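The structure appears below as structure tokens.
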Amino acid sequence: MNQAMLKKRHLKEEAAFWVLRGVIVLVLGALGGIILFVLIHGLGAISWEFLTDAPRDSMTKGGIFPAIVGTFYLTVGAMVVALPLGVSAAIYLSEYAKEGKLLTVVRLGIQNLAGVPSVVFGLFGLALFVVFFRFGTSIIAGSLTLGLLILPTVIGASEEALRQVPSTFREASLALGATRWQTIRKVVLPAALPGILTGSILGLGRAAGETAPIMFTAATFFARYLPESVMDEVMALPYHIYVLATAGTHIEQTRPLQYGTVLVLISMVLGLSLLAILLRARMRRTKQW
Amino acid sequence: MLVMALIVLFLFAEGAGLFVTVNPIDFIFGKLWYPTYDPPDFGILPLIMGSVAVTIISSVIAVPLGLGAALYLAEVAGNRMREIVKPAVELLASLPSVVLGFVGMVVIAPMLQEWLDIPSGLNIFNASMMLALMAIPTITSISEDALHSVPRELKEASLALGATRWETLTKVTIPGALSGMGTATILGMSRAMGETMVVLMVAGGASQIPTSIFDSVRPLPSTIAAEMGETPVDSEHYLALFAIGIVLFFITLGFNLVAAYISNRFQQKGAATL
Amino acid sequence: GGKITITGSTTVLPVAQKAAEVFMNKHQGLNITVAGTGSGDGIKSIIDGTADIGDASRDMKKKEIKRAEDKGVTPVKHVVGLDCIVPIVNPSNQLRDLTLAQLKDIYTGKVKNWKEVGGADKPVVVISRDSSSGTFEVWNKKVLKKERVRPDAQLQASNGAVAQAVAGNKYAIGYVGIGYLNSKIKGLTVGGVQASAKTAMDKSYPVARALFMFTNGQPKGDVKAFLDFVKSDAGQKIVKEEGFVPFK
Amino acid sequence: MVESIMPPIIEVEGLNFYYGDFRALHDIHLKVVRNEVTALIGPSGCGKSTFLRLLNRMNELIPGTRVEGKVLLDGVDLYDPEVDVVEVRRRVGMVFQKPNPFPKSIYNNVAYGPRLHGMAGGSELDKMVEDSLKASALWDEVKDILDQSALGLSGGQQQRLCLARAIAMKPEILLMDEPTSALDPIATSRIEELVKELKKDYTVVIVTHNMQQAARVSDTTAFFYVGRLVEVGNTEMIFTRPSEEQTEQYITGRFG
Amino acid sequence: MVESIMPPIIEVEGLNFYYGDFRALHDIHLKVVRNEVTALIGPSGCGKSTFLRLLNRMNELIPGTRVEGKVLLDGVDLYDPEVDVVEVRRRVGMVFQKPNPFPKSIYNNVAYGPRLHGMAGGSELDKMVEDSLKASALWDEVKDILDQSALGLSGGQQQRLCLARAIAMKPEILLMDEPTSALDPIATSRIEELVKELKKDYTVVIVTHNMQQAARVSDTTAFFYVGRLVEVGNTEMIFTRPSEEQTEQYITGRFG
Ligand SMILES: Nc1ncnc2c1ncn2[C@@H]1O[C@H](COP(=O)(O)OP(=O)(O)OP(=O)(O)O)[C@@H](O)[C@H]1O
Ligand SMILES: Nc1ncnc2c1ncn2[C@@H]1O[C@H](COP(=O)(O)OP(=O)(O)OP(=O)(O)O)[C@@H](O)[C@H]1O
Ligand SMILES: [Mg+2]
Ligand SMILES: [Mg+2]
Ligand SMILES: O=P([O-])([O-])[O-]
């Protein structure tokens, strides 16, 4: 056989693979660079006071506690909206819906909902919740908006989790004379739960990091105290970063706080994603069917 | 589905009001965006061109990188590497956009201006780089799925015939995954098109039709985000912003439909069974 | 405790925020939230009844007054300070002064290079505000005489963002409320007049204006107490600290 | 064809089955005799599983399918609109090819069916679980670990657990679709023993691709080929003197 | 054990194989004789496929696996670091269980290998494709539709196409992993005919779960059981007078 040619083919392979390795280094380098940069600049700002106090002295001192809490409320609120809706939709889609034109259209709709820009969700939330339902700028308006935003994520993850439950479980249950609903409740849902949770955590992370949808529906610049009802507006981490970085007379003085806030937000969001990823990996490893 | 319908309904209910006074053709093709002057001009062509510009440039950056990363994950990475790299790419996907906007504004913009000696670091190029970072994970993960769904039997058949891994990749795997990779690219572009915070903070905000990649632009989403807060409910300007929302909605809808169409139409026929 | 929501002008925002902070220290249990979205939004929220206090860096427009009347709202205007809108450039720029006419030419796009107004041979990067901001409306009326800003002007959403952009850009020109001046940017004199408390008060500075807080009807209770505080000496001290001009 | 003397518990009359446009079964007539083991054999894809699943209406779960003809259980047509599918499945138990215990405890696997149907509670239920596990010859191995996950059992144990789970419903008929094909030789022979035991109390219909297994455990054998029932009769007869040529070719390994 | 007189083309010496910690093959010694058909039989999961795929180093693709021992092809160890895996796979062709033609034209399927290796071009390549298709007895059926997609062929035709594709590389050995298990009886017997034909020019190693098939086509039969090579020898001997009890139990259908 032609040895020279063989060698050339191997060389070509090596060269191509090195290019691909370069690509991945570049991509991950960008991620690493950003995280490192934020760490270096933000770590100095982090302190107990920063995490547990309200802002002081024209936002140049103090902390971001109200923003942390606000983001927490908004995110949990979004989950309260998205989880029941999303899981029911997923159950319907994977267990009840009959394959056909209608289902294709519904699926397409959900898929497209996932592609709707977040700022459009913001507009929608403004028109429907803030103005039409007269919720005003409030936790409830923001949560509903964010909830709808992450709905496709939750539906997708739940459907996937349900789909991964082997059909033999369903058949076994049905063959024992269980109704469909009994089968879903007693066998399918428990088996799918870890997957649904993972998906929800991912959704949680997404909701925590979004800015555009809460800009007109929930967020405010400064609030010292925690909100008292769901009708109150709140500070939120992503919005806090945005306004501190672009507004106010003291942009330069608040720079360390900006980095600190970015660091807190990144830790929260990436932490949630990491948690989901680890959970999923564990699930795959320990999956027994 | 209901949500989808509601979104369309409300966007239309609000946005359509504009077209009572403004001709839709003038709206879309008008070259001047002066929403608060008397008389106002509601021409969003510069905004559309701004969106198009950042979308194209960011794809130029993101597509090769995103596809390359997918190929790496699918074929080059060892098992151990994969288990590290894949979650890392997913983490990139979960970086909040406001953080990318922040980095682009505070870090990249001054650097660009310094190095390239350009009038402003807040421009198409900077925004596109940040948007590319958002699009890459989308492109990578969908293409990787596509590469994976090429039946193993086909890859094995090729290898068993004495093809190198690279030859198998280019001759069998990539052709088989082409539609998936196309879908991935379009969805990545759609993501860049709809992203708000990055362009709001980094693109510069000038409502002009760009002529260079270092021009500042004012893409559709950033216009909505910047101006919505200040405009009175039901004013013409408010309606115009909703109309922009409609345009944006339909552009991304178009992208998504094309993506869905491609992935359905060219779905891998599966292992060639009976 | 009670609650006050404040929203509106980004120019007034630092004053409102700081005042709220100090006021809350004195009145435990009172909760004040402050948002900064723009003057239009401040006035809008008074008309719509969505906030207790609406900040604005411009007066109400005829249209807005009409809308308020239609809704049966009587906005009450409280002057809380004065301001000069100052043209700013990067400190590396040698220029010191521009006339109103030169500013107009720059902003409308007639002048595109610094050398045309006596500077270096470099392009001018024009930075302006989103056209719905109060600062822009005043600038538009007093400098541009309602002509249009050149379309390639970069539009920023707040005073702070303009200051930032100019600080980071050698060729840029922008304009901000006097409170936003700092060492990273250089304020120009306009037709030889320096922006200052004095020139603002005697109206010799050509782009001076008042800063307002609006309420729906005469303020009562906590809102009244807060507004009284802002108008008091202690409040005006805050206005001064934030770089603006006390109205008395 | 050999007619048994015992009265049939199942009578299948003119059964056709369609997956969409594809006709998977052609005009099947078959009688299953009470307290016998009936084996279904035939090459891959001939319709054995499809036929078996028609006996407890499991094929209904597949969209786009259609049944014609009758399946009489004690004289009542299972496909009569009056008949409740849940009740059918309670009366006709099923064991699948791959052991498929629920990811629950051993106890809860067996108790699943009785609980659903409110058949028993408390100590009565305990008794029921014990009896079922004894009937499937698993009791001694698991009596001390009833609350452990069923997924921890070996494949053969899991399959016997699935059998116990089916038995706990006190069905009249047990359907088994290649119940040993995923098991090792020892587990296989235990299940085969069990099948022979069970026919005292139950009627068993078993699909198998292992002809020797059919010969060992069944009383009656039915040979299917591309959707048709080619031949049915006494097992010994089928394996020694088949009347059809296709049957002979198949059992001598010319194809399949 | 029966030793053949012909010189072996493959000698496997002390072969162990591990999927992670799981040892799938235990110390296998086996000789494959040139121009013979060697059949590998044994119950599901005994390691037949694993062993076969070690002969062209296909198992390398599975992460976390490990090989010990030698596989000598014409005296050269395939697992020697000097040896190029691409070259190994060219010399050792493979046909899989499920027909897996590329989604390309019939012509391009067959030409795939020769093109890769720069073996031929132009009319020479045409000739090569024709010869290979003739050798796999497919030429007459496809000679007019060479540019149509291979996916349009029937299952049996696809499998013969895969055979042609392998033959086009002019390999020394052909490995086949249950090549007929997805085919109908007629397609099966065509492939069996082919295998008998092919041994004139090639050495064939074939895995099958159909013992009659092994008896029909092979010269030598090797019986695997849970990762061990229990017995190997002349096919007739193995099927009539096996020396090991496990072999006998298996071929008489006591399990599997
Ligand atoms: N869900 C389905 N949709 C469409 N066709 C199906 C479906 N299930 C089975 N078939 C087809 O029906 C025919 C009979 O299938 P069935 O599973 O009953 O065969 P079988 O005899 O059980 O085979 P095996 O021995 O492989 O289990 C086959 O041709 C099969 O392809
Ligand atoms: N990729 C893998 N990872 C881990 N274990 C594997 C893998 N592939 C096969 N095995 C295990 O190795 C053993 C041998 O498998 P192999 O596929 O070689 O069996 P086989 O004899 O070909 O079976 P069959 O007749 O079912 O094809 C089995 O226990 C199997 O579970
Ligand atoms: Mg079957
Ligand atoms: Mg195998
Ligand atoms: O004060 P403004 O934010 O409206 O310019």
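Chains as they are written, first to last, in the numbering used here: chain Z, 12 to 300; chain G, 7 to 280; chain X, 2 to 249; chain A, 1383 to 1638; chain B, 1383 to 1638. The beta carbon of each residue, even a glycine, is placed where N, CA and C say it ideally should be. Because the structure is a prediction, the values reported are computed rather than measured.
**OP:** Can you tell me which of X/VAL16, X/LYS4, X/ASP56, X/LYS147 puts its alpha carbon nearest to the alpha carbon of X/LYS105?
**Re:** Residue numbering aside, residue 105 of chain X sits at position 104 when the third sequence is read from its first letter. Closest option to X/LYS105, Cα to Cα, is X/LYS147.
Subject >> Near ligand 2: B/THR1432 beta-carbon under 8 Å from a heavy atom >> reply: The residue you call residue 1432 of chain B lines up with position 50 of the fifth sequence. Answer for B/THR1432: yes, Cβ within range of ligand 2.
**OP:** Return the bridge partner residues of A/ARG1448 from the DSSP annotation.
**Re:** Along the fourth sequence, read from residue 1 onward, the residue named residue 1448 of chain A stands at position 66. DSSP, once it has assigned bridges, lists A/TYR1400 as partnering A/ARG1448.
**OP:** Kindly indicate the opening and closing residues of the beta strand (DSSP E) around B/HIS1591.
**Re:** Indexing the fifth sequence from 1 puts residue 1591 of chain B at position 209. Looking at the DSSP string, B/HIS1591 is not in any beta strand (DSSP E), and its letter there is neither H nor E.
**OP:** Measure from the C-beta of Z/ILE252 to each C-beta in chain X and report whether the shortest distance is under 9 Å.
**Re:** The count along the first sequence starts at 1 and reaches residue 252 of chain Z at position 241. Z/ILE252 does not count as touching chain X.
Subject >> CB contact flag (G/ALA190, G/LEU73, <9 Å) >> reply: The sequence position of residue 190 of chain G within the second sequence is 184, counting from 1. The sequence position of residue 73 of chain G within the second sequence is 67, counting from 1. Going by C-beta atoms, G/ALA190 is nearer than 9 Å to G/LEU73.
**OP:** Just the C-alpha distance for G/THR279 and Z/TYR270, rounded to the nearest angstrom, thanks.
**Re:** To locate residue 279 of chain G, count along the second sequence from 1; it is residue 273. To locate residue 270 of chain Z, count along the first sequence from 1; it is residue 259. Annotation note: pLDDT 27 at G/THR279 (below 50); position unreliable, coordinate value reported separately. Roughly 57 Å separates the two Cα atoms.
Subject >> Neighbouring residues, chain B, relative to A/GLY1475 (Cβ below 7 Å) >> reply: For this step, residue 1475 of chain A is matched to residue 93 along the fourth sequence. Chain B residues near A/GLY1475: none, gap ~25 Å exceeds 7 Å.
Original post:
Which residues of chain A have a Cβ atom closer than 7 Å to the Cβ of Z/ALA189, listed in chain order?
Top reply: Here the question's residue 189 of chain Z lines up with position 178 in the first sequence. Correct list: LEU1498.
Original post:
Under 8 Å from any heavy atom of ligand 3, does the C-beta of A/GLN1640 make it?
Top reply: Nothing can be reported for residue 1640 of chain A, as the shown portion of chain A is limited to 1383 through 1638.
Original post:
Under the rule that 16 or more other beta-carbon atoms within 10 Å means buried, what is Z/GLY97, buried or exposed?
Top reply: Mapped onto the first sequence, residue 97 of chain Z falls at position 86. Answer is buried; the Cβ neighbour count reaches 16.
Original post:
Would you say the segment 1421-1434 of chain B touches the segment 129-146 of chain G, given that touching needs at least three Cβ pairs under 8 Å?
Top reply: no
Subject >> For G/PRO225 and Z/PRO249, believed in contact at Cβ under 8 Å, the rounded distance >> reply: Here residue 249 of chain Z corresponds to residue number 238 of the first sequence, with the count starting at 1. Here residue 225 of chain G corresponds to residue number 219 of the second sequence, with the count starting at 1. At roughly 19 Å, the Cβ-Cβ gap does not stay under 8 Å, so Z/PRO249 and G/PRO225 are not in contact.
Subject >> Listed by chain order, chain Z residues near B/LEU1466 by CB distance under 7 Å >> reply: Translated into positions along the fifth sequence, residue 1466 of chain B becomes position 84. Here residue 1466 of chain B turns out to be Asp, not Leu, going by the sequence shown. Under the 7 Å cutoff, chain Z gives LEU17.
Original post:
So is B/ARG1572 in contact with chain G if we call contact Cβ pairs under 9 Å?
Top reply: Within the fifth sequence, numbered from 1, the residue matching residue 1572 of chain B stands at position 190. Not closer than 9 Å to any Cβ of chain G, the Cβ of B/ARG1572 fails to qualify, so no.
Subject >> Cβ pair A/ALA1604, A/THR1420 closer than 9 Å >> reply: Walking along the fourth sequence from the start, residue 1604 of chain A turns up at place 222. Walking along the fourth sequence from the start, residue 1420 of chain A turns up at place 38. Taking 9 Å as the Cβ cut-off, A/ALA1604 and A/THR1420 qualify as a contacting pair.
Original post:
Which residues in the same chain as Z/SER149 place their Cβ atom closer than 7 Å to its Cβ, once the five residues preceding and following it in sequence are excluded?
Top reply: As a first step, residue 149 of chain Z must be located in the first sequence, where it is residue number 138. So the qualifying residues of the chain are ALA229, VAL241, MET242, ASP243, GLU244.
Original post:
Where do the ends of the alpha helix (DSSP H) carrying Z/GLN122 lie?
Top reply: If you number the first sequence from 1, residue 122 of chain Z lands on position 111. Start and end: 112-126.
Subject >> A/ARG1623 classed as buried or exposed, judged by whether at least 16 other C-beta atoms fall within 10 angstroms >> reply: Your numbering for residue 1623 of chain A matches position 241 in the fourth sequence. Classification for A/ARG1623: exposed.
Subject >> Runs of alpha helix (DSSP H) wholly within the segment 114-149 of chain X (minimum 4 residues, chain order) >> reply: Within the segment 114-149 of chain X, the alpha helix (DSSP H) runs of at least 4 residues that lie entirely inside it are, in chain order, 135-143.
Original post:
Would you report the Cα separation of G/LEU263 and G/MET187, rounded to the nearest angstrom?
Top reply: Sequence index remark: in the second sequence, residue 263 of chain G carries index 257 (1-based). Sequence index remark: in the second sequence, residue 187 of chain G carries index 181 (1-based). Between G/LEU263 and G/MET187, the C-alpha separation is close to 15 Å.
**OP:** Quick one: which residues of the segment 1592-1610 of chain B get their C-beta closer than 7 Å to a C-beta of chain A? List them in chain order.
**Re:** Listed by position along the chain: ASN1592, MET1593, GLN1594.
Subject >> Option in X/GLY169, X/ALA198, X/THR8, X/VAL191 with minimal Cα separation from X/SER184 >> reply: Here residue 184 of chain X refers to the residue found at position 183 when the third sequence is read from its first residue. Here the closest residue by C-alpha is X/GLY169.
Subject >> Opening and closing residue of the alpha helix (DSSP H) in which Z/ILE166 lies >> reply: Taking the first residue of the first sequence as 1, we reach residue 166 of chain Z at position 155. In the DSSP annotation of this structure, the continuous segment of the alpha helix (DSSP H) that includes Z/ILE166 starts and ends at 150-175.
Subject >> Test: X/ILE86 CB closer than 9 Å to a CB of chain G >> reply: Walking along the third sequence from the start, residue 86 of chain X turns up at place 85. By this cut-off, X/ILE86 is not an interface position.
Subject >> contact_flag[the segment 223-241 of chain X, the segment 1400-1418 of chain A] where n(CB pairs < 8 Å) is 3 or more >> reply: no
Subject >> First and last residue of the uninterrupted beta strand (DSSP E) at X/HIS79 >> reply: Here residue 79 of chain X corresponds to residue number 78 of the third sequence, with the count starting at 1. Element bounds for X/HIS79: 76-90.
Original post:
Of all the alpha helix (DSSP H) runs that stay within the bounds of the segment 21-80 of chain G, which reach a length of 4 or more residues?
Top reply: 24-27, 30-35, 51-77
**OP:** Evaluate Z/PHE233 with the Cβ neighbour count: other Cβ atoms within 10 Å of its Cβ, from every protein chain shown; 16 or more gives buried, anything less gives exposed.
**Re:** Within the first sequence, the letter at position 222 stands for residue 233 of chain Z. Result: buried.
Original post:
In whole angstroms, what is the alpha-carbon distance linking A/THR1585 and A/ALA1550?
Top reply: Indexing the fourth sequence from 1 puts residue 1585 of chain A at position 203. Indexing the fourth sequence from 1 puts residue 1550 of chain A at position 168. Straight-line Cα distance between these residues: approximately 15 Å.
Subject >> CB of G/ALA68 within 9 Å of CB of G/ILE192, strictly >> reply: By one-based count along the second sequence, residue 68 of chain G stands at place 62. By one-based count along the second sequence, residue 192 of chain G stands at place 186. Their beta carbons are not under 9 Å apart, which means G/ALA68 does not touch G/ILE192 by this criterion.
Subject >> Reduced DSSP secondary structure (H/G/I, E/B, other) of G/LEU101 >> reply: Translated into positions along the second sequence, residue 101 of chain G becomes position 95. Coil, per DSSP.
Original post:
What residue from G/THR170, G/PRO46, G/LEU53 has the CA that sits closest to G/ILE24's CA?
Top reply: Residue mapping note: residue 24 of chain G aligns to position 18 of the second sequence, counting from 1. First, the residue type needs correcting, since residue 24 of chain G is Leu and not Ile in the sequence shown. When each option's Cα is compared against that of G/LEU24, the closest is G/PRO46.
**OP:** Put B/HIS1408 into one of helix, strand or coil per three-state DSSP.
**Re:** Counting from 1 along the fifth sequence, the entry for residue 1408 of chain B is found at position 26. Residue state, collapsed to three classes: strand.
Original post:
For X/GLN120, which of X/ILE48, X/ILE239, X/ILE174, X/PHE245 has the nearest alpha-carbon?
Top reply: By one-based count along the third sequence, residue 120 of chain X stands at place 119. According to the sequence displayed, residue 120 of chain X carries Gly and not Gln. That would be X/ILE174, whose Cα lies nearest to the Cα of X/GLY120.
**OP:** Reducing DSSP to helix, strand and coil, say where G/LEU15 ends up.
**Re:** As a position in the second sequence, residue 15 of chain G is number 9, starting the count at 1. Of the three classes helix, strand and coil, the one that applies to G/LEU15 here is helix, per DSSP.
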